[in-house]
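Colleague: As you go down the protein sequences, you meet chains W and B in turn. Throughout the first sequence, residue numbering follows the UniProt record's numbering, covering 1 to 335 in sequence. Throughout the second sequence, residue numbering follows the UniProt record's numbering, covering 1 to 350 in sequence.
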Amino acid sequence: MTAIDSEKVRTTTTTTTTTTGAGASAAASARRTPTPTPVSEIRARRPQSARSRIGTIVWYVAVTVLSVITIAPLVWTLSTSLKPATEILAGALNLIPSNPTLDNYLSVFEDVPFGRYFVNSLILGGGGAITNVFFGSLGGYALAKLQFRGRAGVFALFLSSLMIPGIVTMIPTFLILRGFPLFGGNDLFGQGGLGLLNTYAAVIVPGAAGAFAVFFMKQFFETLPDELGEAARIDGASEFRIFAQVYFPLAKAGMAVLAILSFQAGWNNFLWPLIVLNNPDMMTVQVGLSSFVTNYETSFGPLMAGTVVASLPVLVIFIVAQRYIIEGVAHAGGK
Amino acid sequence: MSVQATTPGALPPGALPADVVESPSAGAGTRRRRDAANGKRPPHPTSRQMRRNAWIFLAVPLALFLVFMLLPMVIAAVISFTDYAIVGDTEWVGLENYTRIFQDSFFWISLRNTAWYTLLYVPLGLVIALGSAILLNRSHRAVRLFRTLFYIPVVSSTVATATIWYWLLNPQKGLLNVALGWIGIDGPAWLYDSQWAMPAIVLMSVWAGFGANMIIFLGGLQGVPGDLYEAARLDGANAWQQFRYVTLPSLSRTTFLVSTLLIIGAFQVFDQAYVLTKGGPGNSTVTMVYYIYNKGFGALEMGYASALSFVLFVIILIFSLANARLSNPRSDAADRRRARRHDRKAVSAR
């Protein structure tokens, strides 16, 4: 195994960025057409020694096996969701349904208010994305580009909050939302009503300026040159104007990644909506899906259709923007 | 990873910043030093305005931090000493909740289950993430495709993933047991067998999460200087030796980050157990967060549940710190020790 070849280590970055294509199919077609990947092209033409050829074969086998393991469950889910009930039981392993049908999808939306759940999830995911990008950018900008006493302390505060497990703040946050003054029938002292419980705000507000968003945008703004802002400041531009007109256009890429990550987190969120949204009308796709597992114990068709529907938005976004998402995660995680 | 994503802005899987494990104010410190070098606080015409603007920009994030992070921590600490139950009178019970924890057999069951999950999940997750990262750390046109394929499960929610696995793990018709049947193995009943339910959940979690950690490892691998491998090869090191003496030591920081993330995630496992097994069969998958959720929002014993959550917090903290000690000696303490030994040898040679 020569996967840890020094030359390869250095060239990986360049080759991975040259291969274009959004998603599996595009990347697969890119393999057939000669894309500009000079290094590997030259390597491929060079006569290989028997040993490195065996190495390449072993590599292909390994990654193919891993890919099949990661993808097979998803493909199988899709195929099962398109099978009529009888075929699910009889030909459980047939990859391609012999009588493809959309009945399972229809029953998901007819038997359960899944459309309503879908809209709820969209609002929660979208709301989380918008608020996080907005407040995360403002906070991140201040921490990266403005000098003020206490900056190190504020930053340390945000960072340390990333270490606190969500379970510790879960019950008190629930109580704070329930006792939120002047909302949901509450009086000035937060008594008498349900506060923010059973509202979209109960999910969106506590995470509206997540520490991660602030941190992520701070990292991003730091990659932009200080000089631009200083020049504008000398010209007498206000700080908001500098933020809005100088840095905002440059930070769009970072904001897009943060928006996607926030949407994804909001869409996939499970435990928190389960706790603060008790009204059936407020249920999210994930909570709805989890109740399927017991409701539809034997009818796997609708269950799999619901799973596909629940995964679709994030999957589509991921396939469109996978390069930026993966690089964004790598940037935030590995730095 | 479950509870970490309780709020929309919370951490996406595998995105804990590396700075967390270092001194948090490192970046700001250098800036301050630069200021000091320029003479105390550069006299800037708009510096007072700038300070004011900074606080305006930070107002909402800070307000939310105070209301939804700091205040909850304080409330959690306070109610963990009471018998708060939403309904009825609340009394101060002192340490009673904490002493009760140690006599609560369900707590020990949930702790044992969580430990069992962690013990299986963390090493497996680490090895598979590192292995797949090494596989993909080469220049090859197909690398991008595979990177995407390995990452796709990460994007799906735990609930969707759990639903898929609920079907995969079906004892009779599930893909897993059918595939095992092909090679002559009679698969267990998985989620219906108290011995196999937890390993099944671990299997699912590894499948769902390794892509995110693989990306972090890939980042780490690309930071390993190529000369180290060249030097190792010149010294006649084989592939295993290169991995053992170059790759692993160079990755110690990344490994620490990933293992910390895995441990924190493992101790907070909830979604999978909730969707797949509801804690069963025979309580074999009641995890700590599941138990806290049940106590707090099922039995409404919020005081007791808060005490439980603080105990979990302390356990996570201890393991994170222990992990820091185990992962880091290679980079710091061991280096220093090695250097000292080297110095001594040099002195005695002279």
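Don't be surprised by glycine CBs; every beta carbon is placed ideally from N, CA and C. In this text, all values refer to a predicted model and were calculated from it rather than measured experimentally.
Taking only beta-carbon atoms, is residue 170/W less than 9 Å away from chain B?
Modeller: Yes, because at least one Cβ of chain B sits closer than 9 Å to the Cβ of residue 170/W.
Colleague: Does any residue of chain W have a CB that is nearer than 9 Å to the CB of residue 37/B?
Modeller: A caution first: residue 37/B carries a pLDDT of 48, below 50, which makes its placement in the model too unreliable to give a value.
Colleague: Going by the CB atoms, is the gap between residue 197/W and residue 215/W shorter than 9 Å?
Modeller: no
Colleague: From residue 132/W to residue 84/W, what distance separates their C-alpha atoms?
Modeller: 42 Å
Colleague: Using a Cβ-Cβ cutoff of less than 7 Å, which residues in the same chain neighbour residue 302/B once the five nearest sequence positions on both sides are dropped?
Modeller: Result list for residue 302/B: 79, 84, 85, 86 and 296, in chain order.
Colleague: Exposed or buried, which one is residue 275/B when buried takes at least 16 other CB atoms within 10 Å?
Modeller: Label assigned to residue 275/B: buried.
Colleague: Express the C-alpha separation of residue 247/B and residue 310/B in angstroms, rounding to a whole number.
Modeller: 38 Å
Colleague: Buried or exposed: residue 159/B, going by 16 or more other Cβ atoms within 10 Å of its Cβ?
Modeller: buried
Colleague: Within 10 angstroms of the Cβ of residue 36/W, are there 16 or more other Cβ atoms? Answer buried if so, exposed if not.
Modeller: Bear in mind that the predicted position of residue 36/W carries a pLDDT of just 48, short of 50, making it unreliable; the figure below should be weighed with that in mind. Flag for residue 36/W reads exposed.
Colleague: Less than 6 Å between C-beta atoms, sequence neighbours within five positions excluded: which residues of the same chain meet that for residue 232/B?
Modeller: 242 and 246
Colleague: List, in chain order, every chain B residue whose beta-carbon is nearer than 9 Å to that of residue 310/W.
Modeller: Close partners of residue 310/W in chain B (Cβ separation under 9 Å): 156, 157, 159, 160 and 163.
Colleague: Short of 7 Å Cβ to Cβ, which residues in the region 306–322 of chain B face chain W?
Modeller: 306, 309, 310, 312, 313 and 316
Colleague: For my contact list, residue 174/B and residue 182/B are in at a C-beta cut-off of 8 Å; report their separation, rounded to the angstrom.
Modeller: 13 Å between Cβ atoms; not a contact.
Colleague: Return the CA-CA distance between residue 328/W and residue 215/B, expressed in angstroms with no decimal places.
Modeller: Each residue's alpha carbon lies about 10 Å from the other.
Colleague: Does the separation of the CB atoms of residue 99/W and residue 79/W fall below 9 Å?
Modeller: no
Colleague: Beta-carbon of residue 198/B versus every beta-carbon of chain W: anything under 9 Å?
Modeller: It does not: the Cβ of residue 198/B has no partner Cβ on chain W nearer than 9 Å.
Colleague: Would a check of beta-carbon distances place residue 87/W closer than 9 Å to chain B?
Modeller: no
Colleague: Name the DSSP bridge partner or partners of residue 92/B?
Modeller: 82/B
Colleague: Does chain W have any CB closer than 9 Å to the CB of residue 53/B?
Modeller: yes
Colleague: Between the Cα of residue 145/B and the Cα atoms of 70/W, 205/W and 166/W, which residue gives the shortest distance?
Modeller: 70/W
Colleague: Cβ of residue 326/W less than 9 Å from any chain B Cβ?
Modeller: yes
Colleague: Output yes or no for whether 9 Å exceeds the beta carbon distance between residue 358/W and residue 247/W.
Modeller: Beyond the ends of chain W as shown, which are 1 and 335, falls residue 358/W; an answer cannot be given.
Colleague: With DSSP collapsed to three states, give me the class of residue 284/W.
Modeller: coil
Colleague: Express the C-alpha separation of residue 61/B and residue 224/W in angstroms, rounding to a whole number.
Modeller: 22 Å
Colleague: Name the residues in the region 114–139 of chain B whose C-beta lies less than 7 Å from a C-beta of chain W; which are they?
Modeller: 132, 134, 135, 137, 138 and 139
Colleague: Rounded to the nearest angstrom, how far is the Cβ of residue 221/W from that of residue 324/W, given a contact under 8 Å?
Modeller: Between residue 324/W and residue 221/W the Cβ distance is about 17 Å, and since that is not below 8 Å, they are no contact.
Colleague: At what residue ranges does the region 192–278 of chain W contain a whole run of the alpha helix (DSSP H), taking only runs of 4 or more?
Modeller: The qualifying runs are 200–204, 211–222, 226–234, 252–268 and 271–276.
Colleague: Which residue comes first and which comes last in the alpha helix (DSSP H) that contains residue 118/W?
Modeller: 114–145
Colleague: State the DSSP-derived secondary structure class of residue 172/W, mapped to helix, strand or coil.
Modeller: helix
Colleague: Which residues in chain W sit within 8 Å of residue 268/B, going by Cβ to Cβ distance?
Modeller: 165, 166 and 167
Colleague: Where do the ends of the alpha helix (DSSP H) carrying residue 258/B lie?
Modeller: 252–267
Colleague: I need the straight-line Cα distance from residue 32/B to residue 144/W, nearest angstrom please.
Modeller: In this prediction, residue 32/B has a pLDDT of 46, which is less than 50 and means its spatial position is unreliable; nothing more can be read from the coordinates.
Colleague: Against residue 139/W, what residues of chain B qualify as contacts under a CB-to-CB distance less than 7 Å, listed in chain order?
Modeller: Around residue 139/W, the beta-carbon contacts reaching into chain B at under 7 Å are 57, 58 and 61.
Colleague: Starting from residue 108/B and walking both ways along the alpha helix (DSSP H), at which residues does that stretch end?
Modeller: 105–136
Colleague: Looking at residue 113/W and residue 281/W, is the spacing between their C-beta atoms short of 9 Å?
Modeller: yes
Colleague: Out of curiosity, what's the CA-to-CA distance linking residue 184/B and residue 143/B?
Modeller: So the alpha carbons of these two residues sit roughly 34 Å apart.
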